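In this note's numbering, the protein residues as written are 1 to 243.
The structure is reproduced here in structure tokens:
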């Protein structure tokens with residue numbers, strides 16, 4: 001069973017791998033069995049959130065953004081399932097920071113007690129798009145709540161690995177002290193070209209590193225779907241890994 005691992009220890013191990021010229025691999029896991037397989041395969045971090053569980057049910061990822069189930073309760077249940085079967089790899093959990101019926105600080109503490117070492121802001125209101133985000137924020141359901149969750153997790157010594165869909169979001173998360181920023185290259189169809197994605201990734205990396213030169217940047221989504229597409233992004237940007 002994996003125990004909580006302090007962020008400093010995780011980051012030290014990740015930086016050793018980066019210094020050796022190897023990319024960081026964050027594996028998306030949503031079941032105990034997939035977590036065991038990803039650890040056996042050498043993943044550096046094991047990350048789970050609601051959409052991954054729905055994919056295992058044969059459904060689309062965006063179901064995780066709809067009101068079919070309480071995201072934090074599902075995330076907690078996944079943590080209870082996954083951490084006992086992982087031996088030593090740090091586990092990262094999705095946290096819905098905008099949940100008005102959950103004390104996020106208490107929830108973070110509960111995840112830490114179970115053996116979760118870090119968090120990602122998911123579900124995130126960024127997935128809804130600019131127009132709907134504005135309506136949510138007008139009613140107090142804001143991206144700043146997600147930023148604050150990252151700040152709170154860092155105070156607890158947890159690794160913070162938020163999503164950023166834009167340069168503006170990356171800058172906010174870097175200011176919040178995020179350890180790793182996962183650049184979401186998009187999910188809308190048709191997907192952008194790999195060249196367009198490289199340009200987007202460069203801008204997001206630049207925005208984050210202007211705030212904190214030491215933040216680690218990870219690529220995810222869009223047309224980055226296999227080793228070859230990741231290789232192109234990895235070689236032409238300052239990302240240090242893939243999720």
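Think of the CB as a built atom: it goes at the ideal place given N, C-alpha and C, for glycine as much as any other residue. In this text, all values refer to a predicted model and were calculated from it rather than measured experimentally.
Practice task
Spell out the partners DSSP gives residue 118 in its beta bridges.
Solution key: Secondary-structure assignment with DSSP links residue 118 through a beta bridge to 92, 159.
Problem - Extent of the continuous beta strand (DSSP E) to which residue 47 belongs - result: Here the beta strand (DSSP E) through residue 47 covers 45-48.
Practice task
Measuring alpha carbon to alpha carbon, tell me which of 153, 176, 155 ends up nearest residue 164.
Solution key: Minimum Cα distance to residue 164 is reached at 176.
Exercise for the section: Using a threshold of 8 Å, state whether the C-beta atoms of residue 29 and residue 83 are closer than that. Expected result: With contacts defined by Cβ atoms closer than 8 Å, residue 29 and residue 83 do not form a contacting pair.
Problem - Contained beta strand (DSSP E) runs [length at least 3] in the segment 16-67, N- to C-terminal order - result: Taking only runs of at least 3 residues, the beta strand (DSSP E) segments lying wholly in the segment 16-67 are 24-28, 45-48.
Exercise for the section: Return helix, strand or coil for residue 140, following the three-state DSSP convention. Expected result: Of the three classes helix, strand and coil, the one that applies to residue 140 here is coil, per DSSP.
Handout entry: For residue 239, the nearest candidate out of 225, 224, 226, 216 (CA to CA)
Key = Per the Cα distances, 216.
Exercise for the section: Could you tell me how far apart the beta carbons of residue 4 and residue 73 are, in whole angstroms, since I believe they sit closer than 8 Å? Expected result: So it is not a contact: roughly 21 Å between Cβ atoms.
Problem - Exposure label - residue 121; buried when at least 16 CB within 10 Å - result: Buried is the call here.
Practice task
Would you mind working out which of 224, 234, 150, 232 sits nearest residue 191, comparing C-alpha positions?
Solution key: The option with the nearest alpha carbon to residue 191 is 224.
Handout entry: DSSP three-state assignment for residue 5, whether helix, strand or coil
Key = Note: residue 5 maps to coil in three-state DSSP.
Problem - DSSP beta-bridge partners of residue 217 - result: 181.
Practice task
With a 10 Å radius around its C-beta and 16 neighbouring C-beta atoms as the bar for buried, classify residue 153 as buried or exposed.
Solution key: Classification for residue 153: buried.
Handout entry: Under the three-state DSSP convention, the category residue 164 falls into
Key = If DSSP states are grouped into helix, strand and coil, residue 164 belongs with the strands.
Handout entry: Rounded C-alpha distance that separates residue 159 from residue 91
Key = Taking the straight line joining both Cα atoms gives about 10 Å.
Handout entry: residue 101, DSSP secondary structure in three states
Key = DSSP places residue 101 in coil when its eight states are reduced to three.
Practice task
Taking 8 Å as the threshold, find out whether the segment 36-45 comes into contact with the segment 55-70 through three or more Cβ pairs.
Solution key: As far as the Cβ criterion goes, the segment 36-45 does not touch the segment 55-70, which means the pair count is below three.
Handout entry: CB-CB length for residue 202 against residue 237, believed under 8 Å
Key = About 5 Å; that satisfies the 8 Å criterion.
Practice task
For residue 242, write down the residues that DSSP places opposite it in a beta bridge.
Solution key: Partner(s): 25, 219.
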